[in-house]
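Letter by letter, the sequence shown follows residues 213 to 273 in our numbering. Note that beta-carbon positions come from the ideal geometry of N, C-alpha and C, so glycine has one too. Since the structure comes first, as structure tokens, the remarks are kept for the end.
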Amino acid sequence: ADVAVRECVRAILIHGGLGLSFEVEVARYWRLARLWQIGPITNEQCRNTIAQLRCELPRSY
């Protein structure tokens, strides 16, 4: 999600004023990426779960 937000912001900057208009779908992608970033399961929770399952580390929360 962090990478998606970063790349959407870059695309908005590249498109200039049109980056936030409804004619170009970049703004929609940015809104979706922000939802993934602040959604019910945060990136930190995902990283903790991966560390717990794949690396066999203890729960950190």
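Asked                                                                                                                   : Found
Pick from Glu-235, Gln-249 and Leu-265: whose alpha carbon is nearest that of Val-217?                                  : Gln-249
Could you give the DSSP three-state label for Cys-235: helix, strand or coil?                                           : In the sequence as presented, Cys is not what sits at residue 235; that position holds Glu. It is coil, neither helix nor strand.
Between Gly-251, Arg-259, Gln-257 and Val-221, which has its C-alpha nearest Tyr-241's C-alpha?                         : Val-221
Compute the Euclidean distance between the alpha carbons of Asp-214 and Ala-239, then round it to the nearest angstrom. : 16 Å
At what residues does the alpha helix (DSSP H) containing Leu-225 begin and finish?                                     : 214–227
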